[in-house]
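S.K.: In the numbering used here, the protein residues as written are 146 to 612.
Ideal Cβ positions, reconstructed from N, Cα and C, are used throughout, including at glycine.
All of these numbers come straight from a predicted model, not from anything done at the bench.
Provided herewith is a single structure, encoded as structure tokens, for subsequent inquiry.
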Amino acid sequence: MKKINKLIAANTPQETRKKLKSYIIGQDDAIKSVAIALRNRWRRSQLDDEMRPEVYPKNILMIGPTGVGKTEIARRVARLEDAPFLKVEATKFTEVGYVGRDVESIIRDLVKVSVKKTKETFLKEVQKRAEAASIERILDVILPRPKSKTKKKQSIGFANEPSLNLFEADMEHDDSETRGAYREKILSGKLDNVEIEIDVMKSSMNMEIMGPPGMEDMTKQLQDMLQGLQTGKSKKRKMYIKDALKSLKDEEADKLLDNEDIQIKALRNAEENGIVFLDEIDKIVKRSDSMGGGDVSREGVQRDLLPLIEGCTVSTKYGSVKTDHILFIASGAFHVTKPSDLIPELQGRLPVRVELKSLTTEDFVRILTEPKASLIKQYVALMATEGLTLKFTKDGVRRIAEIAWDVNENLENIGARRLHTVMEKLLEEISYEATEYVGETVTVDKKYVNKYLASLARDKDLSRYIL
146 MKKINKLIAA
156 NTPQETRKKL
166 KSYIIGQDDA
176 IKSVAIALRN
186 RWRRSQLDDE
196 MRPEVYPKNI
206 LMIGPTGVGK
216 TEIARRVARL
226 EDAPFLKVEA
236 TKFTEVGYVG
246 RDVESIIRDL
256 VKVSVKKTKE
266 TFLKEVQKRA
276 EAASIERILD
286 VILPRPKSKT
296 KKKQSIGFAN
306 EPSLNLFEAD
316 MEHDDSETRG
326 AYREKILSGK
336 LDNVEIEIDV
346 MKSSMNMEIM
356 GPPGMEDMTK
366 QLQDMLQGLQ
376 TGKSKKRKMY
386 IKDALKSLKD
396 EEADKLLDNE
406 DIQIKALRNA
416 EENGIVFLDE
426 IDKIVKRSDS
436 MGGGDVSREG
446 VQRDLLPLIE
456 GCTVSTKYGS
466 VKTDHILFIA
476 SGAFHVTKPS
486 DLIPELQGRL
496 PVRVELKSLT
506 TEDFVRILTE
516 PKASLIKQYV
526 ALMATEGLTL
536 KFTKDGVRRI
546 AEIAWDVNEN
556 LENIGARRLH
566 TVMEKLLEEI
576 SYEATEYVGE
586 TVTVDKKYVN
596 KYLASLARDK
606 DLSRYIL
């Protein structure tokens, strides 16, 4: 995929770090490791054919408490690189032989994401041609080609208006000037509320057939056969031109797409640029001092993950996928276990270890103010829709950060997620009565924060349930 390699090439590790810092506060070590891993993928693509297959991605294990940015780093990286990205929780999977999802479904889901992404890219490329074709079909209804010399009148009605008679001079005139005039009217929206009768494809049933693992090819063939029974069938429908244009544009775009080509490129995209984020991997780890009990299938899931991370071939309904060069980023809090409790083989498949630090009061202050879409900017924008101006002072922001940090320390530490609950409680009254403050300015300073939150934060029993 030249396009994606070019995109990755445009981002050196320093540039990737700079872009990620626009959204993520702190955690420099983790950001640096991810930036290097992404650049190494581009470096691999530049190697000769003999060396390239020998270079494997350096998978990453992120260790840190909840709410410090593990998931956000992976999510932002996927957006930055426009790569197929899948986030899964390791606890959803079970060892083969137990009831539950098997780990190979991770790759099947990743391929689905890649196919959807690739199709969207192709759709953007054919949008103009699809729109032009759909307008021509509408023009063929408004200005049909003459079939006989009998003069007829066709009534085309505007919504909530008397019918208009478009005479033969317009209806059966096929010269480019007349069609051009009506084309401009359709594009400008002047004919949006004109009702026409037009042939549209019957919508096929979105039938998803669930087959047993390992039989995806047969399942796909059966699904394609059932959907093929309805393809090509059309029916006449009365629609407004604005609705017909949208419906026909989708039809014409599908005709222009080469589904086989999309699947081939999507499979290659998933193989070469896919990113899988395995969250809560610590929950499938058996404690070293554990004497059995509730650990059934945990070690089995780790063993099932081994070939996936090391490199194997997985059958999907779109074709076979090699996992050799998919980047795996695993993360876990490791509160009651430690990374060394992972089975040795899996530890070796995750060579890059990064520890994410707990967030401090200063980090909370920066999280509230620095990112492009920080919480404070979000609430200011939300209240502005009601005509209310919300202002935060520096001492007010710091007090919010102090309360969030204090609650985290004394109760459960949920990291930056605590800011969401604190901010929601702080602005609950304003959000409820926003319509009564139209045109006014509300300043959130230290005094305001203490009024609504200080007593609540001090009452440990109450804050346990509210904050």
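Going by DSSP, what residues sit across from residue 342 in a beta bridge?
M.R.: 383
S.K.: From residue 287 to residue 336, what does the alpha carbon distance come to, in whole angstroms?
M.R.: 11 angstroms
S.K.: Between which two residues does the beta strand (DSSP E) carrying residue 449 extend?
M.R.: Premise fails: residue 449 lies in the alpha helix (DSSP H), 443-455, not in any beta strand (DSSP E).
S.K.: Going by other Cβ atoms of all chains shown within 10 Å of its Cβ, with 16 needed for buried, is residue 583 buried or exposed?
M.R.: exposed
S.K.: Out of 451, 590, 202, 390, which one is the CA nearest neighbour of residue 419?
M.R.: 202
S.K.: Do residue 280 and residue 343 have their beta-carbon atoms positioned less than 7 angstroms apart in this structure?
M.R.: no
S.K.: In angstroms with no decimal places, state the Cα-to-Cα distance between residue 413 and residue 216.
M.R.: Inter-residue distance for residue 413 and residue 216 is about 25 angstroms (C-alpha atoms, whole angstroms).
S.K.: Are the beta-carbon atoms of residue 407 and residue 238 separated by less than 7 angstroms?
M.R.: no
S.K.: Is residue 410 buried or exposed, if buried means 16 or more other CB atoms sit within 10 Å of its CB?
M.R.: Under the 10 Å beta carbon count, residue 410 is surrounded by 16 or more other beta carbons and is classified as buried.
S.K.: Give me the Cα-Cα distance between residue 600 and residue 548, rounded to the nearest whole angstrom.
M.R.: 11 angstroms
S.K.: Could you check what DSSP says for residue 432 in three-state terms: helix, strand or coil?
M.R.: coil
S.K.: Is the segment 488-502 close to the segment 203-215, with three or more CB pairs under 8 angstroms?
M.R.: yes
S.K.: Please classify residue 573 as buried or exposed, where buried requires at least 16 other C-beta atoms within 10 Å of its C-beta.
M.R.: exposed
S.K.: Residue 474 bridges to which residues according to DSSP?
M.R.: 205, 422
S.K.: Starting from residue 163, trace the alpha helix (DSSP H) both ways and give me its first and last residue.
M.R.: 158-165
S.K.: Residue 581 lies in the beta strand (DSSP E); which residues open and close that run?
M.R.: First-last for residue 581: undefined, no H or E at that position.
S.K.: Let me check one thing: in DSSP terms, what residues is residue 462 bridge-paired to?
M.R.: According to DSSP, which records beta bridges pairwise, residue 462 is partnered with nothing at all.
S.K.: Within 10 Å of its beta-carbon, does residue 296 have 16 or more other beta-carbons around it, so buried, or fewer, so exposed?
M.R.: The pLDDT assigned to residue 296 is 44, lower than 50, so where the model puts this residue is not dependable, and the model offers no usable value.
S.K.: Below 8 angstroms on the Cβ atoms is my contact criterion, and I expect residue 466 with residue 515 to pass it. Report the Cβ-Cβ distance as a whole number of Å.
M.R.: Going by Cβ atoms, the distance from residue 466 to residue 515 rounds to 39 angstroms, so no, they are not a contact pair.
S.K.: Suppose the cutoff is 7 angstroms on Cβ atoms and the five residues either side in sequence are ignored; what does the same chain contact list for residue 148 look like?
M.R.: Here the model assigns residue 148 a pLDDT of 44, short of 50, so the residue's position is not dependable, and the following value carries that caveat. No residues qualify anywhere along the chain.
S.K.: Would you mind sorting residue 443 into buried or exposed? The rule is 16 or more other CB atoms within 10 Å of its CB.
M.R.: buried
S.K.: Enumerate in chain order the residues of its own chain whose CB-to-CB distance from residue 382 is below 6 angstroms, with the five nearest sequence positions on each side excluded.
M.R.: The residues are 345.
S.K.: Name the DSSP bridge partner or partners of residue 267?
M.R.: None, per the DSSP bridge assignment.
S.K.: Over the uninterrupted alpha helix (DSSP H) stretch that includes residue 323, give me the two end residues.
M.R.: 321-333
S.K.: What are the complete beta strand (DSSP E) segments, minimum 3 residues, inside the segment 482-535?
M.R.: 497-500
S.K.: Please identify the residue among 177, 256, 326, 522 whose C-alpha is closest to the C-alpha of residue 460.
M.R.: 256
S.K.: On the DSSP letters alone, give me the boundaries of the beta strand (DSSP E) that residue 231 sits inside.
M.R.: 230-234
S.K.: For residue 166, which residues in the same chain have their Cβ closer than 6 angstroms to its Cβ, ignoring the five residues on either side in sequence?
M.R.: none
S.K.: Just the Cα atoms here: how many angstroms apart are residue 235 and residue 485?
M.R.: C-alpha of residue 235 to C-alpha of residue 485: approximately 17 angstroms in a straight line.
S.K.: For residue 588, does the three-state DSSP call read helix, strand or coil?
M.R.: strand
S.K.: Would the C-beta of residue 567 count as close to the ligand ATP, meaning under 6 angstroms from any of its heavy atoms?
M.R.: For the structure depicted, the ligand ATP is absent and the ligand set is empty, with no information on it obtainable.
S.K.: Quick one: give me the first and last residue of the alpha helix (DSSP H) that residue 597 is part of.
M.R.: Where residue 597 is concerned, there is no enclosing alpha helix (DSSP H), given that its DSSP letter is neither H nor E.
S.K.: Can you tell me the Cβ-Cβ gap for residue 233 and residue 251, rounded? I've got them flagged as a contact below 8 angstroms.
M.R.: Sure, about 6 angstroms apart at Cβ, within 8 angstroms.
S.K.: Anyone know if the C-beta pair for residue 562 and residue 510 falls short of 7 angstroms?
M.R.: In this structure, residue 510 does not lie closer than 7 angstroms to residue 562 by Cβ.
S.K.: For residue 184 and residue 158, which I take to be in contact (beta-carbon distance under 8 angstroms), what is that distance rounded to the nearest angstrom?
M.R.: 5 angstroms
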